[in-house]
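K.L.:
Residue numbers (our numbering): 97 to 463.
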């Protein structure tokens with residue numbers, strides 16, 4: 097079917113409304129200006145909102161830091177000072193001596209008693225892995241329990257056989273020029289089945305690469321790093337698979353016969369007695385800890401924090417959890433964004449979703 101011709105009247109209307117090149121150029125300029133103005137106003141609105149939120153947070157922080165509630169101020173100070181990247185924040189509102197006074201009011205005072213090894217009686221290997229009558233295979237001797245509290249949630253991994261728990265490292269010798277490994281990568285390096293993060297490491301301003309531990313490190317009976325002026329508190333197993341917690345010199349560590357150990361702290365429980373918590377003790381943060389029951393079972397704890405559904409736990413919370421699960425000895429581990437628990441290749445805890453699992457020099461692994 098042939099196309100119909102455009103009526104003369106329509107052609108005349110189109111010709112009447114045709115724009116000259118100068119008019120088209122001017123219209124194009126106006127459109128560009130309109131689009132630019134729209135984008136500019138959009139970003140101006142976003143900037144205003146961000147600035148308003150920032151000012152609101154500053155005003156709220158000021159009210160908490162210098163307000164009438166010293167408990168609230170101390171809690172916020174402790175929480176921020178235990179982080180890697182936010183230590184500067186309290187100093188925006190308070191003098192250095194005020195911050196130091198708050199830290200002194202709220203701390204954990206650990207016992208200086210030596211670990212009483214007679215309090216631990218490790219079950220025989222046969223009693224830990226009774227054969228299942230159905231398939232004649234060893235029963236699982238790892239249990240993972242969900243932990244919840246008013247301000248936190250997390251997981252406790254219970255390992256019945258303490259000989260399976262040891263320290264894995266990213267590499268040796270340690271090299272601060274090279275990044276450490278994530279917990280799951282250290283687990284894979286040793287062909288282990290599970291693990292959590294280990295001891296402290298060099299992390300200036302929260303920008304450390306996890307390649308250099310701080311304090312004593314033992315792995316599989318070998319001392320990989322000597323005690324230094326960093327973290328003095330040491331937690332580790334001797335060759336009889338008994339967990340020791342205390343401030344050990346290199347000589348004392350050899351006397352004890354440590355096989356696997358890291359440094360951090362504070363001690364949470366020593367010889368069945370909880371550490372003394374002064375004031376709030378600490379802020380609310382992601383936490384990790386290791387402990388041992390009287391039957392030798394190892395308690396590996398990871399608590400999530402800095403999340404809407406889990407603000408975090410205090411040291412007092414960790415002490416309470418460890419005592420509830422029968423810990424005779426227990427010690428806090430490096431927490432924060434390092435907190436991670438893996439089992440069978442899967443991360444059990446939520447971790448910090450923004451930053452993800454960190455690279456570390458050490459981890460407690462379960463073979």
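Glycine included, every Cβ here is placed at the ideal spot set by N, Cα and C.
In this text, all values refer to a predicted model and were calculated from it rather than measured experimentally.
Near residue 444, what residues of its chain come up, given a Cβ to Cβ distance below 7 Å and the 5 sequence neighbours on each side ignored?
P.N.:
Position 348 of the chain shown, counted from the first residue, corresponds to residue 444. The residues are 240, 251, 437 and 438.
K.L.:
Can you tell which of 307, 453, 261 and 275 has the C-alpha that lies nearest to the C-alpha of residue 286?
P.N.:
Along the chain shown, read from residue 1 onward, the residue named residue 286 stands at position 190. Residue 261 is the option with its Cα nearest to residue 286.
K.L.:
Can you give the Cα-Cα distance for residue 328 and residue 343, rounded to whole angstroms?
P.N.:
What you label residue 328 is simply residue 232 of the chain shown in a count that begins at 1. What you label residue 343 is simply residue 247 of the chain shown in a count that begins at 1. Looking at the two C-alpha atoms, the distance is approximately 5 Å.
K.L.:
Specify the secondary structure class of residue 293 as computed by DSSP and reduced to three states.
P.N.:
Taking the first residue of the chain shown as position 1, residue 293 is located at position 197. Residue 293 falls in the strand class under three-state DSSP.
K.L.:
If you compare alpha carbons, which of 313, 299, 219 and 263 is closest to residue 291?
P.N.:
Looking up residue 291 in the chain shown gives position 195. The shortest Cα separation from residue 291 among 313, 299, 219 and 263 belongs to 263.
K.L.:
What are the start and end residues of each continuous alpha helix (DSSP H) run of 4 or more residues lying completely inside the region 330–393, in chain order?
P.N.:
Complete alpha helix (DSSP H) runs here, min 4: 346–352.
K.L.:
Indicate the three-state DSSP secondary structure (helix, strand or coil) for residue 442 in the structure shown.
P.N.:
Here the question's residue 442 lines up with position 346 in the chain shown. Note: residue 442 maps to strand in three-state DSSP.
K.L.:
Among 293, 346, 214 and 418, which has the Cα closest to the Cα of residue 311?
P.N.:
By one-based count along the chain shown, residue 311 stands at place 215. Among 293, 346, 214 and 418, the Cα nearest to that of residue 311 is on 346.
K.L.:
With DSSP as the reference, label residue 318 as helix, strand or coil.
P.N.:
Residue 318 sits at position 222 when you count from the first residue of the chain shown. DSSP places residue 318 in strand when its eight states are reduced to three.
K.L.:
DSSP has residue 262 in a bridge; who is on the other side?
P.N.:
As a first step, residue 262 is located in the chain shown; it is residue number 166 there, counting from the start. DSSP output for residue 262 lists 461 as bridge partner(s).
K.L.:
Look at the Cβ atom of residue 459, then the Cβ atom of residue 195, and state whether they are nearer than 7 Å.
P.N.:
Here residue 459 is taken as the residue at index 363 of the chain shown, counted from 1. Here residue 195 is taken as the residue at index 99 of the chain shown, counted from 1. Not a contact, by the Cβ cut-off of 7 Å.
K.L.:
Do three or more CB pairs link the region 404–419 to the region 299–319 at distances below 8 Å?
P.N.:
Because the criterion of three Cβ pairs below 8 Å is not met, the region 404–419 and the region 299–319 do not touch.
K.L.:
Taking residue 247 as the reference, give the member of 455, 411 and 297 with the closest Cα.
P.N.:
Residue mapping note: residue 247 aligns to position 151 of the chain shown, counting from 1. Answer by Cα proximity: 411.
K.L.:
When the Cα atoms are used, what is the spatial distance from residue 447 to residue 143?
P.N.:
On the chain shown, residue 447 is found 351 positions in, with the first residue counted as 1. On the chain shown, residue 143 is found 47 positions in, with the first residue counted as 1. The alpha-carbon atoms of residue 447 and residue 143 are separated by roughly 30 Å.
K.L.:
In this structure, how does DSSP classify residue 164 when only helix, strand and coil are distinguished?
P.N.:
Translated into the one-based positions of the chain shown, residue 164 becomes position 68. In the structure shown, residue 164 sits in coil (DSSP, three-state: anything other than H, G, I, E or B).
K.L.:
Could you check which residue in 306, 367 and 198 has the C-alpha nearest to that of residue 215?
P.N.:
Position 119 of the chain shown, counted from the start, is the residue given in the question as residue 215. If we check each option's Cα against that of residue 215, 367 comes out closest.
K.L.:
Hey, how far is the Cα of residue 319 from the Cα of residue 158?
P.N.:
Locating residue 319 in the chain shown gives position 223, counting from the first residue. Locating residue 158 in the chain shown gives position 62, counting from the first residue. Approximately 47 Å between the Cα atoms of the pair.
K.L.:
Using a threshold of 7 Å, state whether the C-beta atoms of residue 206 and residue 371 are closer than that.
P.N.:
Within the chain shown, residue 206 is the residue found at index 110, counting from 1. Within the chain shown, residue 371 is the residue found at index 275, counting from 1. Yes, the pair counts as a contact, with Cβ atoms nearer than the cut-off.
K.L.:
Below 7 Å between beta carbons: does that hold for residue 258 and residue 337?
P.N.:
Here residue 258 corresponds to residue number 162 of the chain shown, with the count starting at 1. Here residue 337 corresponds to residue number 241 of the chain shown, with the count starting at 1. Yes.
K.L.:
Measure the C-alpha to C-alpha separation of residue 322 and residue 429 and round it to an integer number of angstroms.
P.N.:
Residue numbering aside, residue 322 sits at position 226 when the chain shown is read from its first letter. Residue numbering aside, residue 429 sits at position 333 when the chain shown is read from its first letter. Their backbone Cα atoms lie some 18 Å apart in a straight line.
K.L.:
By the three-class DSSP mapping on this structure, what secondary structure does residue 192 have?
P.N.:
Start at 1 with the first residue of the chain shown, and residue 192 comes out as number 96. Residue 192: helix per DSSP, three-state reduction.
K.L.:
Within a Cβ cutoff of 7 Å, which residues of the same chain sit near residue 160, ignoring the five residues on either side of it in sequence?
P.N.:
Along the chain shown, one-based indexing puts residue 160 at 64. Here the set comprises 168, 169 and 172.
K.L.:
From the DSSP output, which residues share a beta bridge with residue 406?
P.N.:
Here residue 406 refers to the residue found at position 310 of the chain shown. In DSSP, residue 406 forms a bridge with 403.
K.L.:
Grouping DSSP H, G and I as helix and E and B as strand, with all else coil, what is residue 228?
P.N.:
Stepping through the chain shown from its first residue, residue 228 is reached at position 132. At residue 228 the pLDDT is 43, less than 50, meaning the model places this residue with poor confidence and gives no usable figure here.
K.L.:
Determine the DSSP secondary structure at residue 216, reduced to helix, strand or coil.
P.N.:
Locating residue 216 in the chain shown gives position 120, where the first residue counts as 1. Looking at residue 216 - three-state DSSP - the assignment turns out to be coil, as it is neither helix nor strand.
K.L.:
Classify residue 362 as buried or exposed, calling it buried when 16 or more other Cβ atoms lie within 10 Å of its own Cβ.
P.N.:
The sequence position of residue 362 within the chain shown is 266, counting from 1. Answer is buried; the Cβ neighbour count reaches 16.
K.L.:
State the DSSP-derived secondary structure class of residue 425, mapped to helix, strand or coil.
P.N.:
Numbered from 1 along the chain shown, position 329 holds the residue referred to as residue 425. If DSSP states are grouped into helix, strand and coil, residue 425 belongs with the strands.
K.L.:
Would you kindly work out how many angstroms separate the C-alpha atoms of residue 204 and residue 332, rounded to a whole number?
P.N.:
In the chain shown, residue 204 corresponds to position 108, counting from 1. In the chain shown, residue 332 corresponds to position 236, counting from 1. Distance between the alpha carbons of residue 204 and residue 332 is about 20 Å.
K.L.:
Hey, how far is the Cα of residue 191 from the Cα of residue 376?
P.N.:
By 1-based counting over the chain shown, the position of residue 191 is 95. By 1-based counting over the chain shown, the position of residue 376 is 280. So the two alpha carbons sit approximately 20 Å from each other.
K.L.:
Between which two residues does the beta strand (DSSP E) containing residue 251 stretch?
P.N.:
Sequence index remark: in the chain shown, residue 251 carries index 155 (1-based). It spans 249–255 - the beta strand (DSSP E) in which residue 251 sits, taken as one unbroken run.
K.L.:
Going by Cα to Cα distance, which pick from 188, 396 and 453 is closest to residue 153?
P.N.:
Translated into positions along the chain shown, residue 153 becomes position 57. Ranking the options by Cα distance to residue 153, first place goes to 188.
K.L.:
So which of 339, 402, 364 and 139 has the shortest CA-CA distance to residue 353?
P.N.:
Locating residue 353 in the chain shown gives position 257, counting from the first residue. Residue 353 has its Cα closest to that of 339, out of 339, 402, 364 and 139.
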